[in-house]
Amino acid sequence: MVKLEIKKKLGGEVSFAPVGFGDYSSNLPLVLAGEKQASPMSAGEEILSDLKKDKKFSKLFSKIELAKPGFINFYLADEVLREELQEVLKKGEKYGSAKNGKGRKINIEFVSANPTGPLTLGNGRSAAYGESLARLLNFLGHKVTKEYFLNDLGRQVALLGESVARRFLELNGRQTDYPEEMYQGEYILDIAKKFKEDGAYHGSLDDFESLIKSAQKYAVEKITASLKDSLARFGVKHDVWFPESELENHGEIDKILHDFNINNLSYEKDGALWFKSSDFGLDSDAVIKKSNGFTTYLLSDFAYAKNKLKRGFDKMIYILGADHHADVARIKSGLRAMKLPEEKFRFLLYQLVTLVEKGEQVRMSKRAGRFVTLDELVKEVPADVVKFFFLAKSMDSHVEFDLDLAKEESNKNPVYYIQYAFVRMQSILRKAKGIGIKTEKKLSKVYPWKEEEEELVKELIKFPEILAETGENYQIHHLTAYILDLAGKINRFYETQKVIGAEKELEKFRLTLVQASAIVLRNGLTLLGISLPEKM
RNA sequence: GUCCCCGUAGCUCAACGGAUAGAGCGUUUGCUUGCGGAGCAAAAGGUUGGGUGUUCGAAUCACCCCGGGGACACCA
Numbered sequence: 003m004v005k006l007e008i009k010k011k012l013g014g015e016v017s018f019a020p021v022g023f024g025d026y027s028s029n030l031p032l033v034l035a036g037e038k039q040a041s042p043m044s045a046g047e048e049i050l051s052d053l054k055k056d057k058k059f060s061k062l063f064s065k066i067e068l069a070k071p072g073f074i075n076f077y078l079a080d081e082v083l084r085e086e087l088q089e090v091l092k093k094g095e096k097y098g099s100a101k102n103g104k105g106r107k108i109n110i111e112f113v114s115a116n117p118t119g120p121l122t123l124g125n126g127r128s129a130a131y132g133e134s135l136a137r138l139l140n141f142l143g144h145k146v147t148k149e150y151f152l153n154d155l156g157r158q159v160a161l162l163g164e165s166v167a168r169r170f171l172e173l174n175g176r177q178t179d180y181p182e183e184m185y186q187g188e189y190i191l192d193i194a195k196k197f198k199e200d201g202a203y204h205g206s207l208d209d210f211e212s213l214i215k216s217a218q219k220y221a222v223e224k225i226t227a228s229l230k231d232s233l234a235r236f237g238v239k240h241d242v243w244f245p246e247s248e249l250e251n252h253g254e255i256d257k258i259l260h261d262f263n264i265n266n267l268s269y270e271k272d273g274a275l276w277f278k279s280s281d282f283g284l285d286s287d288a289v290i291k292k293s294n295g296f297t298t299y300l301l302s303d304f305a306y307a308k309n310k311l312k313r314g315f316d317k318m319i320y321i322l323g324a325d326h327h328a329d330v331a332r333i334k335s336g337l338r339a340m341k342l343p344e345e346k347f348r349f350l351l352y353q354l355v356t357l358v359e360k361g362e363q364v365r366m367s368k369r370a371g372r373f374v375t376l377d378e379l380v381k382e383v384p385a386d387v388v389k390f391f392f393l394a395k396s397m398d399s400h401v402e403f404d405l406d407l408a409k410e411e412s413n414k415n416p417v418y419y420i421q422y423a424f425v426r427m428q429s430i431l432r433k434a435k436g437i438g439i440k441t442e443k444k445l446s447k448v449y450p451w452k453e454e455e456e457e458l459v460k461e462l463i464k465f466p467e468i469l470a471e472t473g474e475n476y477q478i479h480h481l482t483a484y485i486l487d488l489a490g491k492i493n494r495f496y497e498t499q500k501v502i503g504a505e506k507e508l509e510k511f512r513l514t515l516v517q518a519s520a521i522v523l524r525n526g527l528t529l530l531g532i533s534l535p536e537k538m
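Rendered as structure tokens:
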């Protein structure tokens, strides 16, 4: 990774240069000029002559130049390009991987939707992002656990049980009303029907309490299973499903209450128990135990954070919808109060996915039964397309989703452009193998680069650098954009340079380019969780 | 009232404070023998919502407006 070497050597920032300014560039002269009040160009001269003294370093480049306002531009040497190209073939599916993570344990929690209904599009965004980030960090040498927090306690789940119970009573010919606060989606009726068919309830129909309990347990199990199915169909698999009830059963929630009490971090008011969050950076205090005796979500969050830490994770990443923005501040206040290492917790918020129907925005609501499910979408639009749609965007962008438009546009999605480039490369490789052409490391003849070849190699060897950066800033969409760029370079190369049937040595050389292209596309798409067709 | 995110080409979105603001879709025009045309080449399309600052340099940072989304519960 030449970029890293320049960075080390200079001790300043280095970036990929815009077209026409070499391969890498640094603004160090401008920065130094500001600090020392010297002219950028003279500062640049000094740096430049220093760099040139280091023979080993300057051998990496065909040219190092000082440009206009005060940039140093680096042009990669031909041999470096050729060596790195061989590196791609040598490392194959490991190309781009690293050991920087040093096996540090990372927990990534994502999706974590309540088991009270199907997954929504927003959950899909979380799923696509979490899965990809996990794969990337793994590739970079971390030991990643993908985790799903299952809220199997509390009011929403109780409400779910009651909803199913009421539908169940209806099915059994009992007169019951169905209040507005019940879950309105059709899937509730489906669950109630299965509940009846399975004969899962053995008690009396008049014992409403017992019915609710039984229906709740049944519904949570059914829905959890279908959540797993939906995610599997979307190509996402969590390593750990962590039920909230486990925290309660192991007394971890009570332990927090106890500790807060001892350390004078909580107090009673209006029959409820409050956490003194205002002592830890918040505007107000927060309820952790309601006057009806039930503990709040926040308390579980505290216990859960502590639990994760206890399991030995070095870093805990939460992927949350932007509607949890305020929760983040509350959780952090709790971390401070409990003296847990705040820097090990990282909260990533993605902006919400809103639904557009016939030009109108519709607020999705699970309770009101008004949403598009991930399953519905994936039935109409291939999972690869949906993932690309999410992963090409920054987490900070709102997504307005129009199902009709998505269906219509699906076959124009850029993901096909990338897959097509891959298929073309595979096709050439197949053909070459068929007629016995092999790639070779040592070529007896070195050809000058064709423009499209050079651009392609340079793009290919950026891959490890892009991954390293993305692993730092978690901006997965940068990786997505890179792969799209790369596909463009590949298609241009394909269009202009004949591979099979070219002059003997040249044929071999271009074949290495083809092979390297296939490798990088494969590695990149795999990290995004997008599939690689052999044929289309 | 406080806090978070966004406003960039007709549309959907990119752009570590850097050099000429880029892709895809859509529009217009070309490209058969060469390996898959789901491609390639080119054109048109922009006062980066508006303003004031900060500095060598601002789509990016600060402040003020305008517009959109979200959060500020004994909801989850």
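Positions 3 to 538 (the numbering used here) are the ones given, in order, by the first sequence. Here a beta-carbon is modelled for each residue, glycine too, at the ideal position from N, C-alpha and C.
My guess is that residue i and residue j are in contact by the Cβ rule of under 8 Å, so how many angstroms apart are they, rounded?
{"i": "residue 118", "j": "residue 180", "result": "Actually they do not touch by this definition, with Cβ atoms about 16 Å apart."}
{"i": "residue 350", "j": "residue 318", "result": "At roughly 11 Å, the Cβ-Cβ gap does not stay under 8 Å, so residue 350 and residue 318 are not in contact."}
{"i": "residue 463", "j": "residue 86", "result": "4 Å"}
{"i": "residue 355", "j": "residue 127", "result": "6 Å"}
{"i": "residue 522", "j": "residue 512", "result": "Between residue 512 and residue 522 the Cβ distance is about 16 Å, and since that is not below 8 Å, they are no contact."}
{"i": "residue 321", "j": "residue 112", "result": "4 Å"}
{"i": "residue 417", "j": "residue 532", "result": "6 Å"}
{"i": "residue 66", "j": "residue 53", "result": "6 Å"}
{"i": "residue 78", "j": "residue 59", "result": "With a Cβ gap of about 13 Å, residue 78 and residue 59 do not count as contacting."}
{"i": "residue 267", "j": "residue 202", "result": "Not confirmed; about 43 Å, so no contact."}
Give every residue of the same chain whose Cβ lies closer than 7 Å to the Cβ of residue i, excluding the five residues on either side of it in the sequence, and list them in chain order.
{"i": "residue 30", "result": "12, 14, 49, 74"}
{"i": "residue 139", "result": "103, 108, 146, 473"}
{"i": "residue 173", "result": "194, 195, 198"}
{"i": "residue 35", "result": "41, 42, 45, 72"}
{"i": "residue 342", "result": "307, 308, 311"}
{"i": "residue 571", "result": "Any answer about residue 571 is impossible in this case: the structure gives the chain only from 3 up to 538."}
With a CB to CB cut of under 6 Å and the five nearest residues on each side skipped, what residues in its chain are close to residue i?
{"i": "residue 382", "result": "409"}
{"i": "residue 530", "result": "134, 393"}
{"i": "residue 193", "result": "166, 221, 224"}
{"i": "residue 142", "result": "100, 102, 103, 473"}
{"i": "residue 123", "result": "355, 374, 403"}
{"i": "residue 2", "result": "Absent from the structure is residue 2, since the part of the chain shown begins at 3 and ends at 538."}
{"i": "residue 491", "result": "457, 458, 461"}
{"i": "residue 153", "result": "116, 246"}
{"i": "residue 484", "result": "468"}
{"i": "residue 466", "result": "3, 98"}
Residues bridged to residue i by DSSP?
{"i": "residue 73", "result": "69"}
{"i": "residue 320", "result": "111, 349"}
{"i": "residue 149", "result": "111, 242"}
{"i": "residue 291", "result": "275, 297"}
{"i": "residue 63", "result": "78"}
{"i": "residue 18", "result": "26"}
Give me, in chain order, the residues of the same chain whose beta-carbon lies closer than 8 Å to that of residue i; leave out the 5 immediate sequence neighbours on both sides.
{"i": "residue 314", "result": "107"}
{"i": "residue 9", "result": "15, 16"}
{"i": "residue 399", "result": "353"}
{"i": "residue 286", "result": "279, 280"}
{"i": "residue 1", "result": "The displayed coordinates of the chain run from 3 to 538. Any statement about residue 1 would go beyond what the structure contains."}
{"i": "residue 235", "result": "377, 380, 385"}
{"i": "residue 176", "result": "207"}
{"i": "residue 412", "result": "382, 383, 384, 387"}
{"i": "residue 395", "result": "401, 479"}
{"i": "residue 534", "result": "421, 424, 523, 524, 527, 528"}
{"i": "residue 160", "result": "214, 218"}
Curious, which full-length alpha helix (DSSP H) runs of at least 4 residues does the region 215-271 contain?
DSSP runs (the alpha helix (DSSP H)) wholly in the region 215-271: 246-251, 254-264.
In chain order, which continuous runs of the beta strand (DSSP E) of length 3 or greater are located wholly inside the region 340-427?
347-352, 355-359, 362-364, 401-403
Closer than 8 Å is the cut-off here; do at least three beta carbon pairs connect the region 94-114 with the region 206-219?
no
Are the region 297-317 and the region 252-264 touching, with three or more C-beta to C-beta distances below 8 Å?
yes
Scan the region 115-193 and note each continuous beta strand (DSSP E) run of 3 residues or more that stays entirely inside, going in chain order.
Complete beta strand (DSSP E) runs here, min 3: 145-152.
Segment contact, 8 Å Cβ cut-off, at least three pairs: the region 511-521 with the region 468-482:
The region 468-482 and the region 511-521 do not touch, with fewer than three beta-carbon pairs separated by less than 8 Å.
For the 8 Å Cβ check, are there 3 or more pairs between the region 287-302 and the region 262-275?
yes
Alpha helix (DSSP H) runs contained entirely in the region 429-495, provided each spans 4 or more residues:
The alpha helix (DSSP H) runs lying completely inside the region 429-495 and spanning 4 residues or more are 453-462, 465-475, given in chain order.
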